[in-house]
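**Student:**
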Amino acid sequence: MKSDIEISQEAKLLPIQDIAKNLNIDNDDIEFYGKYKAKFSHSIWSKTASHPRGQLVLVTAINPTPAGEGKTTVTVGLGQALNHIGKKAIIALREPSLGPCFGIKGGASGGGYAQVVPMEDLNFHFTGDFHAITSANNLLAAMLDNHIFQGNTLNINPKKIVFKRCMDMNDRVLRHTIAGLGTDKDGVTREDGFVITVASEIMSILCLAQDIDDLKQRLARIIVAYSYDATPITAADLQAVGAMASLLKDAINPNLVQTLENTPAIIHGGPFANIAHGCNSVRATKLALQLADITVTEAGFGADLGAEKFFDIKCRMSGLQPDCAVLVVTTKALKYNGGLGKEDWSKENLEALEKGIVNLEKHIENLQKYGLPVIVAVNAYITDTKAEHQFIAQYCQQRGCRFAIANVWEKGGLGGIELANEVVATLSNEPAQFQLLYPDNLSLSEKIEKIAKEIYGAKGVTYSNIAQARLQEIEASGFGHFPICMAKTQYSLSDNAKLLGRPTDFSITVREVYVSAGAGFVVALTGSITTMPGLPKIPAAMSIDIDNNGNISGLF
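The letter at position 401 of the sequence shown is residue 437 when you use the working numbering, and the numbering goes up by one with no holes.
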């Protein structure tokens, strides 16, 4: 059996200008990054503004197993399949982070015969967007510390600095650091720390900004610290906005690549869904909708995280409205949620399937709360049995959902035609009645409780004293109308990764709250979630290599 990277390296790619040509895009409207990658130029926006907007399909999933359930694979396969049946479809995805690439997940560009290519480029640096975001973030951090060192005319309290440096790598030792050690010329000694780039506020800002002007306005509002009299200090106060925006001048433009079957793919931005808002950029999604009849996008991890944030943050801020949702599930994930260990996932076990399928049930209910028609897609494994598929199909149909089996990992677009047909039928016959979960005018605690109770199924929310105080301070500062970005484990509907299936009688614990004033939301950290992951005992990086011809191996 060929590995994903072996399959991708055998692909016959079209020059990126041919992919653009198929979308009626001139060479003047793209900027080339080699033969197979390009960025859209600023000129593309005025030329596509009058195009009719296509339909938007969101791909999400149930709570995943530690290995992931192939949501990106199904997204790519569905896009390929829609083109097979004569639809003009585009895929709009996030960019992979180096952190999980070298950590536990490996590559994040799909799998098997449903991949975005060139796979190595996509996973390693790509067009440099994440490096630009990291640089802009760390420029602001450097200007903040320099201001304090050079006289501190803004009266910044070093113990009230809330902005952290970032890097796109899993490195647990950087979660808590001491900066400014050494002589008096080495700066003010203080506690500091790093977040992973995909959890940084600037990543979220880039993904939510409508254009350069909006980007600059959002950057200006970033709160980096508080003065001794509790006045918020912003990036605008440090006069850092112009330089930061200049570093992001290319990164704000979406990227164009292709799938193994030459389906166009717009890849841009990459906030994690368990610690950030989990969606690709607004600009990428809107551009895709102007260029195709159907845009297939995804939101990170399970629907309790990525889809909720897609709706309540991204759609709220952008005006986007999805037309349907595809909910990805695997028999392995259901049996995992039913209590089986990894060694038993490949064996038929209808009892465990029945026990674990309540997790799927909750996600169906959640998506229907937003007024969306739902298609459940089983990402099929060769070890699945007919009885397992029939059980899941009947369960979904009883709950008003369409159902399809996707064999896209094995067969590419041809393996997704059943799913593509169900999606087209849904788009044609079942109009969405999209609605948000909560209005802007609820208090922050009411919004948190709404998500916890209605989406997670919690009986209530417990706040630390620090979180309770911060909520009051944030509302008093005028940010009470912001939506909530919940940071929570992806492995459970609760904030405890060990509570599988559809847990009941649990509370969500909010230990910390902070405002991302530039992004426009309030982050609530629950359980033991951290914004700087660590590497596993055996990192994926240990298997990655390159030969004298530049061929990379081991990238899953």
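Just so it is clear, CB atoms sit at the ideal spot from N, CA and C, and this is done for glycine as well.
Alpha carbon to alpha carbon, how far is V459 from T108?
**Tutor:** 16 Å
**Student:** Tell me, which residues are paired with E384 by DSSP?
**Tutor:** Answer by DSSP bridge pairing: none, since E384 is not bridged.
**Student:** Please specify which runs of the alpha helix (DSSP H), each continuous and at least 4 residues long, are wholly inside the region 159-201, giving them in chain order.
**Tutor:** 165-185
**Student:** Using only the alpha-carbon positions, how far apart do L591 and D541 sit?
**Tutor:** Going by the C-alpha atoms only, they are around 41 Å apart.
**Student:** Identify the residues that DSSP records as bridge partners of I127: which are they?
**Tutor:** A301, V332
**Student:** How is E227 classed by DSSP in three states: helix, strand or coil?
**Tutor:** strand
**Student:** Starting from the Cα of Q508, find the closest Cα among V549, P539, N477, T545 and give me that residue.
**Tutor:** V549
**Student:** With the cut-off set at 8 Å, would you say I349 and H313 are in Cβ contact?
**Tutor:** yes
**Student:** A555 and R254: beta carbons closer than 8 Å?
**Tutor:** By the CB criterion at 8 Å, A555 and R254 fall inside the cutoff.
**Student:** Roughly how many angstroms lie between the CA atoms of H167 and N291, to the nearest whole one?
**Tutor:** 15 Å
**Student:** Any idea if S479 is buried or exposed, counting beta-carbon neighbours within 10 angstroms, 16 or more meaning buried?
**Tutor:** Under this definition S479 is an exposed residue.
**Student:** Leaving out the 5 sequence neighbours to the left and right, which residues in its chain are closer than 8 Å to V93 when beta-carbon positions are compared?
**Tutor:** L114, I330, T331, V332, T333, P358, D359, C360, A361, V362, V459, L463
**Student:** Spell out the partners DSSP gives I413 in its beta bridges.
**Tutor:** In the sequence as displayed, the identity of residue 413 is Ala instead of Ile. A413 pairs with V364, A440.
**Student:** Could you give the C-beta distance for V211 and F199, rounded to a whole number, given that I count them as a contact under 8 Å?
**Tutor:** Note on identity: in this sequence residue 211 is Arg, with Val being the wrong assignment. Not a contact, Cβ separation roughly 15 Å.
**Student:** Determine the closest residue to T566 out of D531, Y372, N587, I241, with distance taken between C-alpha atoms.
**Tutor:** Ranking D531, Y372, N587, I241 by Cα distance to T566 puts D531 first.
**Student:** Leaving out five residues before and five after F68 in sequence, what residues of the same chain have Cβ atoms less than 6 Å from its Cβ?
**Tutor:** A74
**Student:** Do you know whose CA, among S564, Y264, S382, R538, lies nearest R547's CA?
**Tutor:** S564
**Student:** Pull the bridge partners of E548 from the DSSP assignment, please.
**Tutor:** According to DSSP, which records beta bridges pairwise, E548 is partnered with L561.
**Student:** For the structure I just gave you, are there three or more beta carbon pairs, one from the region 225-245 and one from the region 263-279, closer than 8 Å?
**Tutor:** no
**Student:** What are the start and end residues of the beta strand (DSSP E) that includes I214?
**Tutor:** 213-215
**Student:** Buried or exposed for M578, going by 16 or more other Cβ atoms inside 10 Å?
**Tutor:** exposed
**Student:** By DSSP, does L376 sit in helix, in strand, or in coil?
**Tutor:** coil
**Student:** DSSP has D581 in a bridge; who is on the other side?
**Tutor:** S589
**Student:** So, under 8 Å CB-CB, L323 and T84 are touching, yes? Tell me the CB distance rounded to an integer number of Å.
**Tutor:** Between T84 and L323 the Cβ distance is about 7 Å, and since that is below 8 Å, they are a contact.
**Student:** Around the C-beta of L217, are 16 or more other C-beta atoms found within 10 angstroms, so that it is buried, or is it exposed?
**Tutor:** exposed
**Student:** Using 10 angstroms around the beta-carbon of M203, count the other beta-carbons present and answer buried if the total reaches 16, otherwise exposed.
**Tutor:** buried
**Student:** Would you call N310 buried or exposed, if buried means 16 or more other Cβ atoms sit within 10 Å of its Cβ?
**Tutor:** buried
**Student:** Smallest Cα separation from E227: which of T213, K221, S240, D220?
**Tutor:** T213
**Student:** Which residue marks the beginning of the beta strand (DSSP E) containing T270, and which one marks its end?
**Tutor:** For T270, the uninterrupted beta strand (DSSP E) segment begins and ends at 268-270.
**Student:** Let me confirm a value: E46 is counted as buried when at least 16 other C-beta atoms fall within 10 Å, else exposed. Which label applies?
**Tutor:** exposed
**Student:** Quick check on the DSSP output: what are the complete beta strand (DSSP E) runs of length 3 or more inside the region 479-528, in order along the chain?
**Tutor:** 496-499, 520-523
**Student:** Flag this pair as touching only if the region 116-130 and the region 292-301 have three or more C-beta atom pairs under 8 Å; answer yes or no.
**Tutor:** yes
**Student:** Using DSSP with H/G/I as helix, E/B as strand and the rest coil, what is I232?
**Tutor:** strand
**Student:** In the DSSP assignment, find the unbroken beta strand (DSSP E) run with T295 in it and report its ends.
**Tutor:** 291-295
**Student:** Once you ignore the five residues that flank Y72 on each side, which residues in its own chain have a CB closer than 6 Å to its CB?
**Tutor:** L49, I52, P154
**Student:** In the DSSP assignment, what are the bridge partners of T96?
**Tutor:** L363
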